[in-house]
Structure formats: C-alpha cells, structure tokens
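Which chain is which? The protein sequence lines are E and G, in order. Going by the numbering used here, 106 is the number at position 106 of the first sequence; the sequence numbering is gapless. So the number in the numbering used here is just where the residue sits in the second sequence, counting from 1, plus 139. Below is one structure, written out as structure tokens, with a few remarks after it.
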Amino acid sequence: VISTEARTTIVRRFYELLERKDVESWGDLWHPSARLVVLYPPEGFPAAIEGRDSIVAGFRDLIGIYESYASKLAGLYPAADSDAVCVEYSVRASMTGGGEYTNDNLAVFRFDGELIREYRDYFDPRRFQLVADAVAAAA
Amino acid sequence: VDDNIALAKRLINPPDGNWQPLLDHLAEDIVFKVTIPDGTPISGEFRGKPAVTEHFELLPELLEFRQERPMDFLGAGDRVVVLGCESFEIKKNGVTVTGSEYADVLDLRDGLITRFLVIQDLSAVVDAYRSD
C-alpha cells in the first residue's frame, strides 16, 4: 500500500489532467488491468470498462465532446483502513454541441502500487444523459 | 477513525432495522441531502435534527429498502463513506428497483452526525412522482 500522500497526489493529478484534456498522460495513471465501474450506465454504455487501453479510448471519446471541463474537488478523503481514496467533486462542462453538463459526484479510487486499479463514480445519471446522448451522436 | 467506522456500522445497518439509534446520533445542526431532483418527498436538503428525524420517520411510508450485499465502510478522520447496494420498493406505485448502488457520506463531530449525503440513482422515485 502506497502512502496516503502519494495516493492523494495521484488523485489530484487525475483531475488536473482531465481538465487539461491530456488523456494520454491521464492514461499513465491507470494499471494495465484497471477496471472502471459505470454504476449507472446510460443506454449504450457498458457497466464496466476493463483495461487501461479501453478506458483511455473511452475517455478520449468522452472528453472530445467537451468544449471545456472543470472539476472542483469539495473533499478528498484517503481511507485510513485501506488503499481507497474517496473524492467528492462537482463537474461543470460545456459541450461542443452546446449545452452545459453539471453534476455532483463521489468517486472511489483503489490502487495497485502507484497505479489506479479500480475507479467507481457515484452521480445523478439523469444529468449525465446529456453527455451520453452527445457521445452517441458523435460516434 | 476506527471509532467512527464502528459507530457508522452500528447506525447505518442496524441488525434489527431499528433507526432510533441513528436518530439519537443526529447533531442538532445536521444537514441531510439525497442527490435527487426536486419534485419528490425525499428531494431537497433537510436541515436540523427535527426535520431530519421527521424525514426518517416518514421514509418507511415511501420506500422499503433491503440491502443486497454487505456495506463497505471507508473511514477518513471525521468522515465515513459507506458504499452499498440495495433494492427498494416505491410504495406509491409498487415498483421495485434492484441492484441500486449507493454512496453515503457521513461527517461526524463528537460522535454525532453533522452531514449525511446520499448519492444514488433514484430515477424510479422521480418517475413515480412525476405525474403528481
């Protein structure tokens, strides 16, 4: 288990790189066998994305529909009794096709060494439907 | 942290389904919120122990919950995050939703809950009250 400081640094970098739309560097944070759990998958979305390459490919499509993307971290809580880090954050994104996406999320990161092994994100899926529709339209 | 996790386990998942211990551990300035749009009886922010207590007392008339797997408790200082999966029946229309993953965030101060945030897909509840 890596240190609390190292885990929180990785998580902060996760959001910084997303804001910069640097998906390739962002991909380096993931373990090759990582799992991204889509807790409330919209129609056409899988319930989980397996493997770093698939995660990066999916987010390349996702981030491409944002004109701008900003995440404000309201709280970052490294668990004392496990390798998990919980993050409360809000999202504000402008869509390239118009419209704005906002949501309030809670993400849970788990690690394998210094790489993200699992990511789960809890949010209001009704608001996310706007994004899902835009991704489907762009495909 | 261990004390807070133990307390959260006792309050959030009472073996006898009795919510009174949870209500007894609400701070006077508790803020309770569920991430659900406006328009349902559980929408909005409930502030203060009387309002939150009333909400919890009303809840069984609206929804019936059943845990589908053991909860996961993550502790960090004065905060405990609870991850779980449950099914719930909406009393208004009899619809049952299964496999509903959720995250609860509890802030604690001196053994009392000061903030209780629930993040969960409650779209079915919105649908149930949409026509009202």
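Don't be surprised by glycine CBs; every beta carbon is placed ideally from N, CA and C.
- By the neighbour-count criterion, in which 16 or more other beta carbons inside 10 Å mark a residue as buried, N157 of chain G falls on the exposed side.
- Here E100 of chain E is not near V37 of chain E, since their CB atoms are 8 Å or more apart.
- In this structure, the alpha-carbon of W30 of chain E lies about 6 Å from that of R52 of chain E.
- For the segment 79-95 of chain E, residues whose beta-carbon sits nearer than 7 Å to a beta-carbon of chain G comprise A79, A80, D81, S82, A84, C86, E88.
- Residues are counted here when their Cβ sits less than 8 Å from a Cβ of chain G; for the segment 105-118 of chain E these are N105, L106, V108, given in chain order.
- Interface annotation, D124 of chain E: in contact with chain G, CB-CB separation under 8 Å.
- Chain G places no beta carbon closer than 8 Å to that of L73 of chain E, leaving this residue out of the contacts.
- Counted as a single uninterrupted DSSP element, the beta strand (DSSP E) harbouring V37 of chain E occupies residues 30-38.
- At a cut-off of 8 Å between C-beta atoms, Y77 of chain E counts as an interface residue with respect to chain G.
- The beta carbons of E207 of chain G and E225 of chain G sit about 6 Å from each other, so the pair counts as a contact at 8 Å.
- Around H194 of chain G, the same chain offers F171, I181, F185 as residues with beta carbons nearer than 8 Å, after the five sequence neighbours per side are excluded.
- Residue state for A48 of chain E is assigned as strand, using DSSP reduced to three classes.
- Judged by pairs of C-beta atoms under 8 Å, the segment 158-170 of chain G does not touch the segment 74-92 of chain E, as fewer than three such pairs exist.
- Looking at the backbone, the Cα of V91 of chain E and that of A263 of chain G are separated by about 23 Å.
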